[in-house]
Amino acid sequence: MQRREFSLSAAAAAAATLGAAALPGMAQAQARAFKEGSDYLALDKPAPTEAPAGQVEVVEFFWYSCPHCYAFEPLLEAWIKQVPKDVYVRRVPVSFRPDFEPQQRLYYVLEAMGKVEELHKKVFNAIHQDKQPLNTADMVAAWAEKQGLDKAKFVEMYNSFTVTTKARKATQLQDQYKVDGVPALGIAGRYYTSGTLAQNMPRALQITDSLIAQSRGKK
3 MQRREFSLSA
13 AAAAAATLGA
23 AALPGMAQAQ
33 ARAFKEGSDY
43 LALDKPAPTE
53 APAGQVEVVE
63 FFWYSCPHCY
73 AFEPLLEAWI
83 KQVPKDVYVR
93 RVPVSFRPDF
103 EPQQRLYYVL
113 EAMGKVEELH
123 KKVFNAIHQD
133 KQPLNTADMV
143 AAWAEKQGLD
153 KAKFVEMYNS
163 FTVTTKARKA
173 TQLQDQYKVD
183 GVPALGIAGR
193 YYTSGTLAQN
203 MPRALQITDS
213 LIAQSRGKK
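The numbering used here numbers the first residue of the sequence shown as 3 and each following residue consecutively.
Okay, structure coming up:
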């Protein structure tokens, strides 16, 4: 992928499969010293967040066609289930090139239609198990119709001002965080880590836990 490096090594992908079992130990990571500049980066200028007041936002940057994002998904889901109530997690689909945009828009259409929880994993499976590229507007619409969605409504939403705006803001956010590969994590609009920086995604989540604790109470 031009100018971009996927950030999960093959070893980390295997670790992700087993990572859920290690989740209880993540609390111990708070006491560990992670290094700014090597384990994570601090943004020069804070990025906008959508978290309600009093909550710390964590953003997962992802691309449906990324095999590392697909491998990371089970570990992320397990982590989301055990985070404290003051942690606000949201996903942001990246668009490094024009051909990423159909999947970026797909996510926001599913969000607008209230179908993310039902179909998010199915998009990953369609691409990585069923070998459907889903990289054009027509492919995405045809797939959505097979999932039982009204194709006309889907296409209307796909081309809507709402989805166009969300896609634009997502791309702006990835640039503000200087995302250079996926999966990656943004914390509190202030910090950024990834499998490349952290060495693997299970460790990236440990770093995220530490940065969440560090961010509490900051404005």
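Glycine included, each C-beta is placed from N, C-alpha and C at the ideal position.
For Q57, same chain residues with a beta-carbon under 7 Å away, outside a window of 5 residues either side, are D88, V89, Y90 in chain order. Scanning its chain for C-beta atoms nearer than 6 Å, with the 5 sequence neighbours on each side dropped, one finds around E147 the residues K153, in chain order. In this structure, V111 places its C-beta atom within 9 Å of the C-beta atom of V165. Within a 10 Å sphere around the beta-carbon of S40 sit fewer than 16 other beta-carbons, which makes this residue exposed. By the neighbour-count definition (other C-beta atoms within 10 Å, threshold 16), R218 is an exposed residue. Around the beta carbon of E62, 16 or more other beta carbons sit within 10 angstroms, so the residue counts as buried. The DSSP-derived three-state label of R107 is helix.
Take L43, set aside five residues on each side of it, and the residues of its chain with a beta-carbon closer than 8 Å to its own are K180, Y193, Y194, T195, L199, in chain order.
Nearest in C-alpha terms to S67, of all of V142, E52, F36, I209, is V142. Between A190 and E59 the beta-carbon gap is near 6 Å, inside 8 Å, which marks them as a contact.
Cβ atoms of F102 and W65 come within 8 Å of each other, at about 6 Å. Around the beta carbon of T51, 16 or more other beta carbons sit within 10 angstroms, so the residue counts as buried.
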